[in-house]
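K.L.:
Residue 285 is where the sequence shown starts when you use the working numbering, and the numbers rise one by one after that.
Quick one: the structure is below, questions incoming.
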Amino acid sequence: MPLAPYTPTSTVLLTGFEPFGGAGLNPSAEVAQALHGRSLGGEAVVAAVVLPCAFGDALQTLHQALRQHRPQLVLALGQAEGRTDLSIERVALNVDDARMPDNLGRQPVDEPVVADGPAAYFSTLPIKAMVAGLKAAAHAASISQTAGTFVCNHVFYGLQHALAGSGVRSGFMHVPLLPQQAAQAPGLSLPSMALAQQVAGVEAALRIALAWGDQADLKRPGGALN
Ligand code: PCA
């Protein structure tokens with residue numbers, strides 16, 4: 285259900301997810317809430333919204349937030365176990381294929397996020413400029429070529445679909461586990477990043493994207509061999 289056209293406000297919408305898979309924490313919600321109300325320079329202020337980790341319901345909450353805030357920029361965040369850095373996602377796929385049930389027990393397999401929607405949407409954030417700017421400021425960041433097929437990709441696709449043609453830049457970033465989460469599985473040596481570092485990195489990413497305006501993205505390598 286595309287929401288365009290609308291006149292954006294100065295709000296920057298930042299979403300995170302509630303914990304899932306039996307975890308007590310989700311860094312994406314912690315980061316979003318830590319940045320709620322943060323001024324990003326000029327008139328831009330962050331509004332944080334925590335989404336349920338559930339197919340369908342997450343998009344309903346997101347759509348409500350888009351209608352309420354009419355943001356000028358949107359970044360959705362999610363937790364990605366195993367990731368070592370701030371991973372800016374390149375592409376959202378029109379498929380739900382859940383390896384485990386979501387928080388409401390739903391487990392769609394090979395279903396479209398949006399019936400008759402395009403196969404994929406690219407992020408409309410300046411993803412290369414964001415990675416370059418983050419690295420220049422000593423934040424660990426990279427482009428990720430897949431956001432998976434669980435609720436994060438579902439929200440990413442629904443976000444891009446809702447804002448298609450609006451001129452409002454939007455996209456998705458996966459963040460690593462927090463150190464206390466990684467410590468709960470000592471045998472697995474899972475990578476993690478401290479909350480303060482995640483918060484600083486996400487704030488920097490938002491500032492870079494805002495400052496970039498509607499210029500074309502940088503063209504520099506950020507791909508993967510496989
Ligand atoms: N990560 C999951 C869903 C919610 C979250 O934070 C994912 O990557 O799909």
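Backbone N, C-alpha and C define an ideal beta-carbon position, used for all residues, glycine too.
Bear in mind the structure is a predicted one, so any value in this text is a computation, not a measurement.
Less than 8 Å separating the beta-carbons of E365 and L494?
P.N.:
No, these two residues do not count as a Cβ contact at 8 Å.
K.L.:
To the nearest angstrom, how far is it from the Cα of G485 to the Cα of L388?
P.N.:
Cα-Cα distance, rounded: 31 Å.
K.L.:
Could you check what DSSP says for E302 in three-state terms: helix, strand or coil?
P.N.:
Looking at E302 - three-state DSSP - the assignment turns out to be coil, as it is neither helix nor strand.
K.L.:
Across which residues does DSSP place E395 in a beta bridge pair?
P.N.:
DSSP output for E395 lists D380 as bridge partner(s).
K.L.:
Taking C-alpha atoms, which residue in S426, M414, V296 lies nearest to G326?
P.N.:
Minimum Cα distance to G326 is reached at V296.
K.L.:
Is the number of C-beta pairs between the segment 501 to 509 and the segment 347 to 356 that are closer than 8 Å three or more?
P.N.:
As far as the Cβ criterion goes, the segment 501 to 509 does not touch the segment 347 to 356, which means the pair count is below three.
K.L.:
What number of angstroms, rounded off, separates the C-alpha of P475 from the C-alpha of A508?
P.N.:
For P475 and A508, the distance between alpha carbons rounds to 20 Å.
K.L.:
Since V452 is in the alpha helix (DSSP H), which residue starts that stretch and which ends it?
P.N.:
Looking at the DSSP string, V452 is not in any alpha helix (DSSP H), and its letter there is neither H nor E.
K.L.:
Between which two residues does the beta strand (DSSP E) harbouring F406 extend?
P.N.:
404 to 406 is the span of the beta strand (DSSP E), which, as asked, contains F406.
K.L.:
Am I right that L409 and S450 are in contact with their C-beta atoms under 8 Å? What's the rounded C-beta distance?
P.N.:
About 14 Å separates the two Cβ atoms, so there is no contact after all.
K.L.:
Report the rounded CA-to-CA distance for A413 versus S426, giving the unit in angstroms.
P.N.:
Taking the straight line joining both Cα atoms gives about 11 Å.
K.L.:
Please find out if some non-hydrogen atom of the ligand PCA comes closer than 7 Å to the beta-carbon of G432.
P.N.:
Yes, the ligand PCA has a heavy atom inside 7 Å of this Cβ.
K.L.:
Should the segment 364 to 382 be called in touch with the segment 393 to 408, which here means at least 3 C-beta pairs below 8 Å?
P.N.:
These segments touch.
K.L.:
Take the Cβ of S473 as the centre, count every other Cβ of all protein chains shown within 10 Å, and call the residue buried at 16 or more, exposed below.
P.N.:
Looking at its Cβ environment, which holds fewer than 16 other Cβ atoms inside 10 Å, S473 is exposed.
K.L.:
What is the rounded straight-line gap between the Cα of V329 and the Cα of L298?
P.N.:
For V329 and L298, the distance between alpha carbons rounds to 10 Å.
K.L.:
Around the Cβ of E314, are there at least 16 other Cβ atoms within 10 angstroms (buried) or fewer (exposed)?
P.N.:
Looking at its Cβ environment, which holds 16 or more other Cβ atoms inside 10 Å, E314 is buried.
K.L.:
Using a threshold of 8 Å, state whether the C-beta atoms of A331 and H438 are closer than that.
P.N.:
Not a contact, by the Cβ cut-off of 8 Å.
K.L.:
With a threshold of 8 Å between beta-carbons, can L462 be considered close to chain B, or not?
P.N.:
Judged by its chain identifiers, the structure shown contains no chain B, having just a single protein chain.
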